[in-house]
Amino acid sequence: MKVLGITGWSGSGKTTLIEALLPLFCARGLSVSTIKHAHHGFDLDRPGKDSFRHRGAGAREVLVASETRWALLHENAGEVMDFAALLTHLSPVDLVLVEGFKRTPYPKIEVHRPALGKAPLWPEAPDVFAVASDAPLPGCDRPVLPLAAPEAIAAFAAVELGLPIFAQSS
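In structure tokens, the structure reads:
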């Protein structure tokens, strides 16, 4: 599985970019999954639901299933989250798009909007191989891609990751 991270500060447009990239990769016949880093203490479960009650009673994992989807709720119980272990929970796919995990080493494109006033990540992040931005970035030593052109970002990333379906059409 190839892994491509979309990283950047909150509000920079990471989710919007992933949402634009997904159908582009899928239209090329690639199978794609995503991993999203969530804030501390997030919960998909709700008080009063049976699954919530199971976890409250001590279940380490609760798998909730229906005819249309299933979800595995796993209590970390103080464990340090291991990115590589998270990848093993996914079914094999051609590409995993990852949102977040800024400090975890894997290939990333940073979404950077200078107008937000946040410092760029790329100067201190050797795994950021390109930056998608809505403005010029003087002094940037990485390729700068137009944030408004997800097709160009997808094609560039596919070549960098060695996804042959894009390399053939470039």
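Residue numbering for the sequence shown follows the working numbering, starting at 52 and increasing by one per position. Beta carbons are placed, not taken as given, at the ideal position from N, Cα and C, and that holds for glycine.
For residue 55, DSSP records a beta bridge to 148. By the C-beta density criterion, residue 107 is exposed, having fewer than 16 other C-beta atoms within 10 angstroms. Straight-line measurement puts the Cα of residue 157 at about 12 angstroms from the Cα of residue 52.
Sorting 144, 96, 154 and 193 by C-alpha distance to the C-alpha of residue 124 places 96 at the top. For residue 61, no beta strand (DSSP E) run applies, since DSSP gives it neither H nor E. Residue 162 and residue 138 have their C-alpha atoms some 23 angstroms from each other. In the three-state reduction of the DSSP assignment, residue 112 falls in the strand class. Annotation for residue 187: 195 place their beta carbon closer than 8 angstroms to its own, counting only its chain and skipping 5 residues before and after.
The DSSP-derived three-state label of residue 66 is helix.
Judged by DSSP in its simplified three-state form, residue 167 adopts helix. Out of 154, 199 and 201, the CA that lies nearest to the CA of residue 178 is found in 154. Residue 128 carries a coil assignment under DSSP once its states are collapsed to helix, strand and coil. By the C-beta density criterion, residue 166 is exposed, having fewer than 16 other C-beta atoms within 10 angstroms. Counting along the chain, residue 139 sits inside the alpha helix (DSSP H) bounded by residues 134-139. Note: residue 184 is bridge-paired with 163 and 197 in the DSSP secondary-structure output.
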